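Peer 1: If you scroll down you'll find the structure; I have some questions about it.
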Amino acid sequence: MSNEATLLKDETVDAEYLADPAWIRIRDLIYQVSGIYQAENKFYLLVSRAVRRMKVVGARSPREYLEFLTARPNRESEMRNLLNEITIGETCLFRSLPQIDALRKVVIPSLAEAKKKMAYTKLRFWSAGCSTGEEPYTLAMILLEETQGALKGWTFEVVATDLNDRSVAKAQEGVYNDYAVRNVPPEFMKKYFTKSGSEYRVADCVRPHVSFSRLNMLDDSKMLFMRGLDVIFCCNVLIYFDGKSKTRTIQHFYNGLLPNGYFFLGHSESLFGINDKFRLVHFPGATSYWKATETFVKAGTP
Ligand SMILES: C[S@@+](CC[C@H](N)C(=O)[O-])C[C@H]1O[C@@H](n2cnc3c(N)ncnc32)[C@H](O)[C@@H]1O
Numbered sequence: 008m009s010n011e012a013t014l015l016k017d018e019t020v021d022a023e024y025l026a027d028p029a030w031i032r033i034r035d036l037i038y039q040v041s042g043i044y045q046a047e048n049k050f051y052l053l054v055s056r057a058v059r060r061m062k063v064v065g066a067r068s069p070r071e072y073l074e075f076l077t078a079r080p081n082r083e084s085e086m087r088n089l090l091n092e093i094t095i096g097e098t099c100l101f102r103s104l105p106q107i108d109a110l111r112k113v114v115i116p117s118l119a120e121a122k123k124k125m126a127y128t129k130l131r132f133w134s135a136g137c138s139t140g141e142e143p144y145t146l147a148m149i150l151l152e153e154t155q156g157a158l159k160g161w162t163f164e165v166v167a168t169d170l171n172d173r174s175v176a177k178a179q180e181g182v183y184n185d186y187a188v189r190n191v192p193p194e195f196m197k198k199y200f201t202k203s204g205s206e207y208r209v210a211d212c213v214r215p216h217v218s219f220s221r222l223n224m225l226d227d228s229k230m231l232f233m234r235g236l237d238v239i240f241c242c243n244v245l246i247y248f249d250g251k252s253k254t255r256t257i258q259h260f261y262n263g264l265l266p267n268g269y270f271f272l273g274h275s276e277s278l279f280g281i282n283d284k285f286r287l288v289h290f291p292g293a294t295s296y297w298k299a300t301e302t303f304v305k306a307g308t309p
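Residue numbering for the sequence shown follows the working numbering, beginning at 8 and increasing consecutively.
Encoded structure:
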């Protein structure tokens, strides 16, 4: 039976095709490179997306495509292309209002108070797994508000990274549709976007504060450079990882945060059983993880 024949019209795949052992090798390869683990019940998703790449490169079977990923000269770029297909970038601006409230009411003021004592007046945030940029732009808008108000005279930067090249390119454009801006409060809409036709462009005053780049969170050599951060957002990314890759990534986040820094996950995620160095902090409708200062750790104060 030809490959085309085994694929249904809507790119779903039949059981016989799914059972090809080469898919397991491809699944394991994706896991090794990116930490993204495809459980058995979601396997068909990986296959239907990989099939798109097979069509582009002209691979006639999963086994031949495996060769494209492992033995051909451009195997690294094909793996990148495959990762671009399989990552899920669902996001929006102002995605979690409780997290934003926690930032404005507690996290930013407490960081500012602690840093001011050491004569530092700069904040550094990281949006890890930023998808098409909605999260880091939201953070930059919040920080702009604060630095025009209570934190007058302070500077800040938002570092934004993602594995998916296409998402990073779209993030750099900073142009969104109605659906992406649906949660943006009207006062932010007015101040931080310009509307052109049906599109909303992030204002020029926001853009210089956010820097985008491709970063694979499983790449230890690159993660080692992510240091000196006050706040890290890694929301709705680790849900695709298994325990081992989560533990490894979280340790990098812990090392990257300055003492007193905060780490945010998506609202259905937790560090339970993954890392016990952070202190869990509860806010109305949101939680965060706090990296205790040395004094707190020594005193054992909760
Ligand atoms: C669902 S989006 C989350 C976007 C945003 N953080 C939010 O919560 O709205 C998940 C993002 O994680 C990225 N991602 C998955 N694995 C990654 C890895 N190993 N390194 C970096 N980014 C990764 C995907 O490319 C995708 O853009």
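For each residue, glycine too, the CB sits at the ideal point set by N, CA and C. As the structure is a prediction and not an experimental result, all values here were calculated from the model.
Count the other CB atoms within 10 Å of the CB of D49; is the residue buried (16 or more) or exposed (fewer)?
Peer 2: Here residue 49 turns out to be Lys, not Asp, going by the sequence shown. It is exposed - the Cβ of K49 has fewer than 16 other Cβ atoms within 10 Å.
Peer 1: Give the DSSP-derived three-state secondary structure of S174 in the structure shown.
Peer 2: Helix, per DSSP.
Peer 1: So, using beta-carbon positions, are T139 and T98 closer together than 9 Å?
Peer 2: Contact flag set, yes.
Peer 1: Ignoring anything shorter than 3 residues or poking outside the region 151–235, list the beta strand (DSSP E) runs there in chain order.
Peer 2: Runs of the beta strand (DSSP E) inside the region 151–235: 162–169, 200–203, 206–209, 217–221.
Peer 1: For the alpha helix (DSSP H) holding D25, just list the boundary residues, first then last.
Peer 2: Here residue 25 is Leu; the residue named in the question, Asp, does not match the sequence. Taken as a continuous stretch (DSSP letters only), the alpha helix (DSSP H) holding L25 covers 22–25.
Peer 1: For R34 and K122, what's the separation of their Cα atoms in angstroms?
Peer 2: Approximately 45 Å between the Cα atoms of the pair.
Peer 1: Output yes or no for whether 9 Å exceeds the beta carbon distance between W133 and I239.
Peer 2: Yes, they are a contact pair.
Peer 1: Does the region 98–109 touch the region 281–293, meaning 3 or more C-beta pairs lie closer than 8 Å?
Peer 2: Because the criterion of three Cβ pairs below 8 Å is met, the region 281–293 and the region 98–109 touch.
Peer 1: What's the gap between the Cα of P192 and the Cα of T201?
Peer 2: Straight-line Cα distance between these residues: approximately 14 Å.
Peer 1: Mind checking whether R131 and D169 have CB atoms under 9 Å apart?
Peer 2: No; because the gap between Cβ atoms is not below 9 Å, this pair is not in contact.
Peer 1: Among C241, E71, T300, E164, which has the Cα closest to the Cα of A29?
Peer 2: Of C241, E71, T300, E164, the residue nearest in Cα terms is E71.
Peer 1: Does the Cβ of I281 lie closer than 8 Å to at least one heavy atom of ligand 1?
Peer 2: No, the beta carbon of I281 sits no closer than 8 Å to any heavy atom of ligand 1.
Peer 1: Measuring alpha carbon to alpha carbon, tell me which residue in L76, K62, R59 is nearest L36.
Peer 2: Checking every option, the nearest Cα to that of L36 belongs to L76.
Peer 1: Just checking my contact of S103 with H274 at CB under 8 Å: how many whole Å lie between their CB atoms?
Peer 2: Confirmed, Cβ separation roughly 6 Å.
Peer 1: Closest to L287 by C-alpha separation, out of F270, E301, T300, would be which residue?
Peer 2: It is F270.
Peer 1: Beta carbon of D169: closer than 8 Å to some heavy atom of ligand 1?
Peer 2: Checking every heavy atom of ligand 1 against the Cβ of D169, one is found closer than 8 Å.
Peer 1: My output table needs one value for Y127: the three-state DSSP class, helix, strand or coil.
Peer 2: Coil, per DSSP.
Peer 1: Spatial neighbours of M61 within its chain, please: C-beta separation below 6 Å, excluding the five flanking residues on both sides.
Peer 2: The answer, listed in chain order, is Y72.
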